[in-house]
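Before any comments, here is the structure.
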Ligand code: DC
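Numbering (this note's numbering), first residue to last: 41 to 246.
Right, here's the structure in full:
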């Protein structure tokens, strides 16, 4: 079966958690596309040019230590605004999406650019404050001096860049289902996503 679940939305809205849970539930392969841009950013920090880094990206680059830091996130958002960097990463994502057995991809432009024909598209959002609180809980374990206000500022700066860039800006596809996780537990958000996908699979069989 070829079946693609496209999940987009801003940072820390819960899309990664939902994407992983949905992939586990249905036995689909999962690709966190943010890691591609984070992998490129890490190579840029090593001294490479962004375009060369994107062209040279290999799967091991997405397994490096330190990809999840705020610094790498900001630089990932900057390199992601460069059209040749995005162009170098499209084929890998599209090939992954159409693998046999079902796939889940999460990112910013999956439903709009990478997989406009995905069988189902979700756009996951949450209020800025809720997102900042979640991200702060994650990051403050390693960085106890970090404040929630700093995290909020970092998220807003990254969202603004991701939304305002000319190429593949972050936005919901016209046919995406909107899922606001601000007041939902993880279980409730995952349940909503799983039910929506089950319905879509059911329609395909009908
Ligand atoms: O999802 P994330 O926070 O790991 O993504 C890091 C950055 O990568 C994000 O700020 C913008 C960019 N990105 C993108 O432009 N397109 C994607 N499909 C995924 C991420």
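We put the beta carbon where it would ideally sit given N, CA and C, even for glycine.
Of the candidates 93, 86, 102 and 231, the residue whose Cα lies closest to the Cα of residue 126 is 93. With contact defined as three or more Cβ pairs closer than 8 Å, the stretch 87–104 and the stretch 178–186 are not in contact.
Note that the C-beta distance between residue 210 and residue 202 is below 9 Å.
Annotation for residue 128 indicates a beta carbon at 8 Å or more from all heavy atoms of the ligand DC. Residue 84 and residue 106 have their C-alpha atoms some 14 Å from each other.
A distance below 7 Å between beta-carbons, with the five flanking residues on each side excluded, links residue 164 to the following residues of its chain, in chain order: 47, 49, 53, 54, 55, 58, 219 and 221. Residue 213 is positioned such that its CB atom lies closer than 9 Å to that of residue 161. DSSP places residue 47 in the strand class (E or B) of the three-state scheme. Within the same chain, 138 and 140 come within 7 Å of residue 42 by CB-CB distance, once the 5 residues on both sides are set aside. One alpha carbon belongs to residue 60, the other to residue 87, and they sit about 32 Å apart. Burial is judged here by how many other beta carbons sit within 10 angstroms of a residue's own beta carbon; residue 133 has at least 16 and is buried.
Placement of the Cβ of residue 117 at a distance of less than 8 Å from at least one heavy atom of the ligand DC is found. Nearest to residue 136 by C-alpha distance, out of 90, 69 and 149, is 69.
The beta carbon of residue 195 is closer than 8 Å to those of 50, 51, 52, 168, 171, 172 and 175 in its chain, skipping five residues each way along the sequence.
Every beta strand (DSSP E) stretch that sits fully inside the stretch 193–225 and reaches 3 residues is listed by chain position as 217–220. As summarised for the stretch 99–181, the continuous beta strand (DSSP E) elements at least 3 residues long and confined to that stretch are 143–147 and 160–165, given in chain order. Remark: the C-beta of residue 149 is in contact range of the ligand DC, defined as less than 8 Å to any heavy atom.
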